[in-house]
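Here the structure comes first, spelled out in structure tokens, and everything after it is commentary.
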Ligand code: ATP
Ligand code: BTN
């Protein structure tokens, strides 16, 4: 899809109605014959564009493909997605983004794939990445210390829940630190990886896996038992690129505030969205497993718990896995 075709799609999205050949030609500064050719090119790429005599063109349907030009046509962000790599298949979008992180690639790069063959969760766990989901990674270079950046996974989780609640009216919650659940089932996971000197972050990769239109019936039993997808809960097919745009817009707003030092505003949301606070939990560290009560989310994003002996302790995301017994 070339630039004019990207702009034709953008105009259809903005207009949400008919656009005549004359209007398109005037708005884009090309002849009506050129518009006609571009419309036909778009149809060949899977766009259903109806021509209504005397009224112009109308966009009826778009192909459900995550191509970079499709994404570019819809994306409204300034920073996130300033460069897009869209792949049909890859091992892990986090690994691709990390390779770019090792080079001089600017922050904002989006790497997205239709499916991953080695999608990863925390501690090297497998992340099932069948077609129909959103699997993507963002390359960032925040000028922050390691300690300052420790809350970023929570910031991503909050951003996702904001979108799922506001735009889809879904009762999404955060299972601290990196899972999003709906009806007690996991719909999304976040994997943050970074490379840092003792003082500064060289690069940071935010990996997000969100089950959108996944056919849950085909999942392995162990995933079926604990997971869900948006289309399963909502009962309709999700426009993944529209959702991606909503997520990146929200995340961009929160990230830009975060690097200005304004993360504190999000802590009340982390508390409001948490499904753990006030509950008994099982904590797994590398060395031991014990039960405790989740008390609060601290201003640095750590989880305040109370052990059975009454002692209060802070948990940091990197060290633990938390379950509800
Ligand atoms: P914790 O984050 O507390 O350590 P977790 O079980 O959520 O616990 P993660 O490493 O965050 O562990 O996520 C990986 C787990 O997510 C896998 O072990 C699997 O159980 C589950 N999982 C894998 N693929 C998917 C998917 N597409 N949707 C939902 N859940 C999945
Ligand atoms: C988790 O729940 O532990 C995190 C899952 C993160 C999955 C996403 S999908 C895009 C990116 N690439 C990966 O290999 N993992 C993350």
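Numbering (the working numbering), first residue to last: 249 to 573.
A virtual CB, placed ideally from N, CA and C, is assigned to each residue, including glycine.
Given the structure is predicted, the values throughout are model-derived calculations rather than measurements.
Since residue i sits in a beta bridge, which residues does DSSP pair it with?
i	result
residue 421	429
residue 561	553
residue 544	552
residue 434	429, 475
residue 444	449
residue 334	360
residue 298	306
residue 386	358, 454
residue 532	537, 569
residue 368	374
residue 491	Its beta-bridge partners do not exist; DSSP assigns none.
residue 267	305
Is residue i near the ligand ATP, going by C-beta to nearest heavy atom under 7 Å?
i	result
residue 472	no
residue 564	no
residue 459	yes
residue 466	no
residue 481	no
residue 475	yes
residue 369	yes
residue 437	yes
residue 571	yes
residue 412	no
residue 366	no
residue 376	yes
residue 346	no
residue 527	no
residue 313	no
residue 555	no
Cβ of residue i within 7 Å of any heavy atom in the ligand BTN?
i	result
residue 451	no
residue 363	no
residue 341	yes
residue 496	no
residue 511	no
residue 456	yes
residue 427	yes
residue 424	no
residue 373	yes
residue 416	no
residue 407	no
residue 383	yes
Residue j and residue i - do their beta-carbons sit closer together than 8 Å?
i	j	result
residue 488	residue 460	yes
residue 368	residue 342	yes
residue 295	residue 314	no
residue 355	residue 387	yes
residue 539	residue 557	no
residue 408	residue 430	no
residue 377	residue 457	yes
residue 370	residue 449	no
residue 550	residue 532	no
residue 317	residue 262	no
residue 268	residue 380	no
residue 321	residue 252	no
residue 328	residue 499	yes
residue 565	residue 374	no
residue 349	residue 453	yes
residue 494	residue 415	yes
residue 276	residue 255	yes
For residue i and residue j, which I take to be in contact (beta-carbon distance under 8 Å), what is that distance rounded to the nearest angstrom?
i	j	result
residue 479	residue 471	Actually they do not touch by this definition, with Cβ atoms about 16 Å apart.
residue 545	residue 424	7 Å
residue 524	residue 542	4 Å
residue 365	residue 339	5 Å
residue 439	residue 455	4 Å
residue 496	residue 325	5 Å
residue 521	residue 421	6 Å
residue 418	residue 481	7 Å
(Q) With three or more C-beta pairs closer than 8 Å as the rule, is the segment 357–364 touching the segment 294–304? (A) Touching, no, given that fewer than three Cβ pairs across the two stretches are closer than 8 Å.
Q.
Taking contact to mean 3 or more Cβ pairs, one atom from each stretch, closer than 8 Å, check whether the segment 495–506 and the segment 400–415 are in contact.
A. With the cut-off at 8 Å, the segment 495–506 and the segment 400–415 touch.
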